[in-house]
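Trainee:
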Amino acid sequence: MLDDLVEKRVLITGGSTGIGAAAAKAFAQAGAAVALHFNASGREADTVAAAIRDQGGTCHLVKGDLIQRGEPKRVVQAAVQALGGLDVLVNNAGSLVRRTPFEDLSDELIDKIFDLNVRSVIAATQAAIPYLEEAGGGTIINVGSIAGTGSGGPGASIYGASKGFIHNLTRHLAGLLASKNIRVNAVAPGVIATPFHAATPPERMEAMRQSVPMGRVGKAEDCAGTFLFLASNAMSGYITGQTIHVNGGQLMA
Amino acid sequence: MSTSLFDLTGKVALVTGSTSGLGQAIAGGLAEAGAAIIVNGRNAERLEASVASFRKRGLKAEGYAFDVTSEPAVVEAIANIEREVGPIGILVNNAGIQRRQPLVEMSTAAFEEVIKTNLTSLFIVGRTVAKGMIARKGGKIINIASLASEVARRTIGPYTAAKGGVRQLTKTMCVEWAEHNIQTNAIGPGYFRTELNRALWSDQKFNEWVEARTPAARWGLPEELIGAAVFLSSAASDFMNGQTIYVDGGLLASM
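Quick look at the structure:
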């Protein structure tokens, strides 16, 4: 059913590690051409690209710091140039930045969290829409979070709110872009063991694991199938505006 | 990986109420993805014709006629299926009915009939099949919810109450059975052109309303549910549990 992903042109932001990297490999294995955006993790991005190319896949690397104004647009345009167009945009780049008690949040930290998780998604999407239209339609997949439906864990108030923003924006864009044949959905991961949780204390990880009905935290690969499903018109052509939670049943939203 | 991720080869899939409409489309889709399907309905004659049509497409299909609201019939049928075909790895609780009437005019019997068929049957079939899945340490259950799991319209009170219940029962199945490696999720179809909905799509005014109200500006086609059913039946969704995916052309997302 995924045959329609063959030769689809896919840009994944924040694709050097974790969920983005697993999604990039899965898209390549389904026959899509991938543009992988990265920022700080150049070595990891090279490793992902090499793994994809070893399998005969296509992977272009695009570096950029998405919190800088103008960069999301430049990254999208560079990806379009490398791929020869765009069919799927995966707005995956995002970060909790650092856990900070609400009363201690500085303007600078708030800006950083919102610039990456919200503004960069808006700007990348704005930049991508004309190219998706040019392709006759396409798919945007945002990455939300269990924190966007719950309330964000300790010290993650702004991160949680930023992901709630993404869930809401996903619904708005679904309605706005349907007439252009562009579907917009989101994947909302739960607790997934990736570099995202590098700074999460082990005892907190264990507490979170125990709150997952399936009794385990997720792997980056656990989200890959959902990205493929949402990108394929053959599989999900009548689905738009949905946020799909991949969390082992942790939050019954 | 990506092809095997969605592959259902070697699985036995029971789809209740699968001789017509959405159930028929889903059963066909699971079979195309490799599953051996168990077709179910109450009417033996229609069931036989339906099985024959699946086999004509080169698909593996067996028919079992039973009423999903009768516990003894369900228990007997599940035992027969698992003995004769194999352990059920995928259950799609699809069977459902509709009775359209304003609440003040509706008989209690009609209300209860809808609740029994659209909600209680999921408990009966679900837990009967789950007992085997628990013993085998794995399985996929897909409950068919509806737009009516979230929103309401006049004249379909018991349907709306039942489908809201389906969404919550899905979560309960998740929390009780997740530790046994059973994933229970739901699919909530929007407006699809099926027999159940004939009263709606044959009404020109309603037709126009659906097209105007749905961002995709059209009704769904039954085969457009297949992707979600295959996804939720396959390893691609192994860490998804307790969720409802709405396949509605964007209707719920837009005001």
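Sequences listed follow chains A and B, in order. Here the working numbering is used: the first residue of the first sequence is 8, the next is one more, and so on. Here the working numbering is used: the first residue of the second sequence is 9, the next is one more, and so on. Just so you know, even glycine gets a beta-carbon here, dropped at the ideal spot from N, CA and C. All figures in this text were calculated on a predicted structure; none of them were measured in a lab.
List the DSSP bridge partners of B:Q109.
Mentor: Answer by DSSP bridge pairing, in chain order: B:I164.
Trainee: So what does DSSP say about B:G235, is it helix, strand or coil?
Mentor: Three-state DSSP puts B:G235 in a helix.
Trainee: What did DSSP end up calling B:T192 once you bin it into helix, strand or coil?
Mentor: Of the three classes helix, strand and coil, the one that applies to B:T192 here is strand, per DSSP.
Trainee: Applying the 10 Å Cβ sphere with the 16-neighbour rule, what's the burial state of A:R16?
Mentor: It is buried - the Cβ of A:R16 has at least 16 other Cβ atoms within 10 Å.
Trainee: Return the residue from the list A:A238, A:R223 and A:M212 that minimises the CA-CA distance to B:M248.
Mentor: Closest by alpha carbon: A:R223.
Trainee: Do B:W227 and B:R201 have their beta-carbon atoms positioned less than 9 Å apart in this structure?
Mentor: Yes; because the gap between Cβ atoms is below 9 Å, this pair is in contact.
Trainee: Using the Cβ count rule (16 or more neighbours within 10 Å means buried), how would you classify B:L111?
Mentor: Its Cβ having fewer than 16 others within 10 Å, B:L111 is exposed.
Trainee: Considering only the alpha carbon of each residue, which of B:G25, B:A33, B:M263 and B:V23 lies closest to B:G235?
Mentor: Out of B:G25, B:A33, B:M263 and B:V23, B:A33 has the C-alpha closest to the C-alpha of B:G235.
Trainee: Is the Cβ of A:C66 closer than 9 Å to any Cβ of chain B?
Mentor: No, its Cβ sits nowhere closer than 9 Å to a Cβ of chain B.
Trainee: Since A:P137 is in the alpha helix (DSSP H), which residue starts that stretch and which ends it?
Mentor: Run containing A:P137: S127 to E141, per the alpha helix (DSSP H) assignment.
Trainee: Counting only Cβ pairs nearer than 8 Å, list the residues of chain A close to B:D5.
Mentor: The structure shown does not extend to residue 5 of chain B, since chain B is modelled only from 9 through 263, so no value can be given for it.
Trainee: Please confirm if the stretch 191-202 of chain A is in contact with the stretch 231-238 of chain A, defined as three or more CB-CB distances below 8 Å between the two stretches.
Mentor: The stretch 191-202 of chain A vs the stretch 231-238 of chain A: in contact.
Trainee: With distances taken between CB atoms, is the gap from B:L127 to B:V83 smaller than 9 Å?
Mentor: No, the Cβ-Cβ distance between B:L127 and B:V83 is not below 9 Å.
Trainee: In the DSSP assignment, find the alpha helix (DSSP H) that holds A:A58 and state where it starts and stops.
Mentor: G49 to D61 is the span of the alpha helix (DSSP H), which, as asked, contains A:A58.
Trainee: Which word fits B:N88, buried or exposed, when buried means at least 16 other C-beta atoms lie within 10 angstroms of its C-beta?
Mentor: Exposed is the call here.
Trainee: Just the chain A side, please: which residues come within less than 9 Å of B:Y254 by C-beta, in chain order?
Mentor: Simply I246, G248 and Q249.
Trainee: Under 7 Å Cβ-Cβ, which residues of chain A neighbour B:V218?
Mentor: By Cβ distance, chain A contributes nothing, its closest Cβ being about 13 Å from B:V218, past 7 Å.
Trainee: How far does the alpha helix (DSSP H) with B:I86 in it reach, from first residue to last?
Mentor: Segment E79 to E92, the alpha helix (DSSP H) holding B:I86.
Trainee: Kindly indicate the opening and closing residues of the beta strand (DSSP E) around B:Y254.
Mentor: Taken as a continuous stretch (DSSP letters only), the beta strand (DSSP E) holding B:Y254 covers T252 to V255.
Trainee: Within a Cβ cutoff of 7 Å, which residues of the same chain sit near A:E240, ignoring the five residues on either side of it in sequence?
Mentor: The amino acid at residue 240 of chain A is misidentified as Glu; the sequence shows Asn. Contacts found: D11.
Trainee: Please classify B:K148: is it buried, with 16 or more other beta-carbons within 10 angstroms of its beta-carbon, or exposed?
Mentor: So B:K148 counts as buried.
Trainee: Please confirm whether A:D229 has its beta-carbon closer than 9 Å to some beta-carbon of chain B.
Mentor: So, interface residue.
Trainee: At a cut-off of 8 Å, is A:I165 close to the ligand MG when judged by its beta-carbon and the heavy atoms of the ligand?
Mentor: Looking at this structure, you won't find the ligand MG or any other ligand, since it has none at all.
Trainee: Measure from the C-beta of B:G258 to each C-beta in chain A and report whether the shortest distance is under 9 Å.
Mentor: Yes, its Cβ sits closer than 9 Å to a Cβ of chain A.
Trainee: What does a CB cutoff of less than 8 Å around B:M9 pick up in its chain, not counting 5 residues either side in sequence?
Mentor: In this predicted model, B:M9 has a pLDDT of only 41, less than 50, meaning its place in the structure is not dependable; the value taken from the coordinates is given anyway. Hits under 8 Å: none found.
Trainee: Could you check if A:F109 is buried or exposed, using at least 16 other CB atoms within 10 Å of its CB as the buried criterion?
Mentor: That one is exposed.
Trainee: Do the stretch 117-131 of chain B and the stretch 48-55 of chain B make contact, defined as three or more Cβ pairs closer than 8 Å?
Mentor: Cβ pair count under 8 Å is below three, so no.
Trainee: Between B:L130 and chain A, is there a C-beta pair that is closer than 9 Å?
Mentor: Cβ-Cβ to chain A under 9 Å: no for B:L130.
Trainee: Can you check whether the CB of A:G171 is closer than 9 Å to the CB of B:L260?
Mentor: Not closer than 9 Å, so no.
Trainee: How long is the line joining the alpha carbons of A:L237 and A:A30, rounded to whole angstroms?
Mentor: Distance between the alpha carbons of A:L237 and A:A30: 12 Å.
Trainee: Could you check how far apart the C-beta atoms of A:V219 and A:G255 are, in whole angstroms? I think they sit under 8 Å.
Mentor: Contact flag correct, Cβ pair sits at about 4 Å.
Trainee: Just the C-alpha distance for B:M263 and A:L180, rounded to the nearest angstrom, thanks.
Mentor: Using only the alpha carbons, I get a separation of about 12 Å.
Trainee: Given a threshold of 16 other Cβ atoms within 10 Å of its Cβ, counted over all protein chains shown, does B:G196 qualify as buried or as exposed?
Mentor: Counting Cβ neighbours within 10 Å, B:G196 comes out buried, since at least 16 surround it.
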